[in-house]
Amino acid sequence: MTELAPHYDVVCIGGAMMGSATAYFLTENPDFDGTVLVVEPDWTYDRAATTRAQNSIREQFTNELNIRLSGFGVDFIADFHENVQVDGDAPEINFRGTGYLFLADTEELYERLERESEVQLAAGAEVEMLRPADIAERFPYMDADQLSGARLGGMREGSFDGWAFFQGLRQRARHNGAVYVKDRVVDLDVAGGRVVRVHLESGRSVACGHAVNTSGCRARQVAAMAGVELPIEPRARTSFVFDCRTPIPHTVPLTITPVGVHFRREQNHYMCGGVPEHDVAVDYDDLEVRYDEFEELIWPAVARYVPCFDEIGVVTSWGGQYDYNTLDHNLIIGASSAVENLIFANGFSGHGLQQGPAVGRGISELITYGGYRTIDLSPLGYSRIERNEPIVEHAVI
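Here it is in structure tokens:
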């Protein structure tokens, strides 16, 4: 059993993407001279959202903060080896730039995509608007007659190896001195509006300066230990990989249909998913594959726009979960007014892997300096939950 110190300046409750991103940026910050403990109950990470994600990144959000969060993620990936190397070695994340392609099947939807593109361009994203003739020329496998147009992102958008991405952050954080322990947080002692002690399933406990809730879908349970309400619940998401009898000798961007079904090429196959018709909270341990989603939701949508997808077959599939923010589907970061040193990094609603680096950096700044130094994330703070004022983001996949 790992020996623990009696006190840690920061305890991260959950050790997958956000726990490791927080530990990484704290230990990389020369102005932070404290100690970091990351508590993770499952070191296989088999059931973590990080390992069950589709591992993509985009700048095509409609809220400027989300665009900037993912923009930093893109930059971080571009310099990934330099950022996380230990003794000259780093995992290969194999980033593949393809862009995201948002399809519009009505003029009204096309005009909305175009209005959103103005915000994206102003925030530094690379996007362009396409009409059916442009789509037919650049993506001849697609039935452009079904479309009014589309919005295409640049090659900074694409997919990567999410497991390697996470492992790189974790290895570098440990190299920098962060302590990882296989255990589970079962309770928090709160006194004077602060978390003062973290209790573990093993019977051990540690005092802390800050606790960071990086517990993903279980974030609500952790917040409740400190008497704070968090509008986070697990929502089921199934990923499918299918093959197609007809080869497509062209770039296949990560394509989002008007009904929210998305697909992209994954080596010689295609990865896809969608939002279930009845999108409700599920059990924390529910990772079942919803096979009916492929037949009833996904197949009709992809075959409508890509005729050769009329003849496809599922190769593999797996279940996962989103840590879904029921207020507005956006990140919650920072502390509540009730418990000043319990920092939230929750509610990504499917965007955690791509926004993890910027959020980890933001938490490092919040703990080290008492405020944000790079991207001001205060609009995404817990106070909007207390005021019941959602942040609008239209491009939720």
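This note's numbering applies: residue 17 is where the sequence shown begins, and numbers increase by one. A virtual CB, placed ideally from N, CA and C, is assigned to each residue, including glycine.
Asked	Found
I'd like the span of the alpha helix (DSSP H) that includes tryptophan 315, first residue to last.	315–321
What are the boundary residues of the beta strand (DSSP E) that leucine 216 is part of?	210–216
For proline 373, count neighbouring C-beta atoms within 10 Å of its own C-beta (all shown protein chains included) and say buried if the count is 16 or more, exposed if not.	buried
Count the other C-beta atoms from every protein chain shown that fall within 10 angstroms of the C-beta of glutamate 249, then say buried if there are 16 or more, exposed otherwise.	buried
Identify the continuous beta strand (DSSP E) that holds arginine 167 and give its terminal residues.	165–169
Give me the residue from Phe111, Ala194 and Gln70 with the minimum Cα distance to leucine 42.	Ala194
Provide the residue span of the beta strand (DSSP E) that contains isoleucine 383, from first to last.	No beta strand (DSSP E) holds isoleucine 383; the alpha helix (DSSP H) holding it covers 368–385.
Counting pairs of beta carbons, one from the region 117–135 and one from the region 52–71, are three or more of them closer than 8 Å?	no
Taking the beta carbon of proline 46 as the centre, do at least 16 other beta carbons fall within 10 Å, making it buried, or is it exposed?	exposed
How would you label tryptophan 59, buried or exposed, when you count the other beta carbons within 10 angstroms and need 16 or more for buried?	exposed
Do leucine 343 and proline 406 come within 8 Å of each other at the CB atom, strictly closer than that value?	yes
If we ignore side chains and look at the alpha-carbon of each, how far apart do histidine 278 and serine 231 end up?	27 Å
Can you find at least 3 beta carbon pairs, one from the region 80–100 and one from the region 362–379, that sit closer than 8 Å?	yes
At which residues does the alpha helix (DSSP H) containing glutamate 245 begin and terminate?	Element bounds for glutamate 245: n/a, residue is neither H nor E.
Does DSSP classify alanine 21 as helix, strand or coil?	coil
Among the candidates Gly30, Gly290, Asp121 and Gly174, whose CA atom is the shortest distance from the CA of valine 52?	Gly30
When the Cα of valine 197 is compared with those of Asp302, Phe118 and Val27, which residue comes out closest?	Val27
Looking only at its chain, what residues have a beta carbon closer than 7 Å to the beta carbon of isoleucine 401, apart from the 5 residues adjacent to it on each side?	Pro247, Leu343 and Ile348
Is DSSP giving arginine 253 helix, strand or coil here?	strand
Assuming valine 336 contacts glutamate 304 under a Cβ cut-off of 8 Å, what Cβ separation, rounded to an integer in Å, is found between them?	The displayed chain sequence assigns glycine, not valine, to residue 336. Actually they are not in contact, since the Cβ atoms of glycine 336 and glutamate 304 sit about 10 Å apart, beyond 8 Å.
With DSSP run on the structure shown, which of helix, strand or coil describes glutamine 187?	helix
Output yes or no for whether 8 Å exceeds the beta carbon distance between leucine 369 and methionine 145.	no
Taking only runs that begin and end inside the region 341–371, name each unbroken beta strand (DSSP E) of 3 or more residues, in chain order.	348–350 and 358–362
Does the distance from the C-beta atom of proline 269 to that of threonine 78 stay below 8 Å?	no
Which residues in the same chain have their Cβ closer than 6 Å to the Cβ of glutamate 381, if we skip the five residues on either side of it in sequence?	Tyr388 and Arg389
With burial defined as no fewer than 16 other Cβ atoms inside 10 Å of the residue's Cβ, what is the status of tyrosine 307: buried or exposed?	exposed
Do you know offhand how far isoleucine 83's Cα is from alanine 139's?	7 Å
So who's on the other strand from cysteine 260, going by DSSP bridges?	Ile328
Quick one: what's histidine 285 bridged to in DSSP?	Glu282
At a cut of 8 Å, does the region 345–363 reach the region 322–335 through at least three beta carbon pairs?	no
If contact is defined by three or more beta carbon pairs under 8 Å, each pair taking one atom from either stretch, is the region 173–189 in contact with the region 205–213?	no
Can you tell which of Gly165, Gln101 and Gly174 has the C-alpha that lies nearest to the C-alpha of glutamate 130?	Gly165
Got a sec, what are the start and stop residues for the beta strand (DSSP E) histidine 226 sits in?	221–229
Is the region 359–369 touching the region 279–288 in the sense that three or more CB pairs, one from each, lie closer than 8 Å?	no
Output the distance between the C-alpha atoms of aspartate 103 and aspartate 199, rounded to the nearest integer angstrom.	29 Å
With distance defined between alpha-carbon atoms, name the residue in Ala120, Gln136 and Ala141 nearest to aspartate 159.	Ala120
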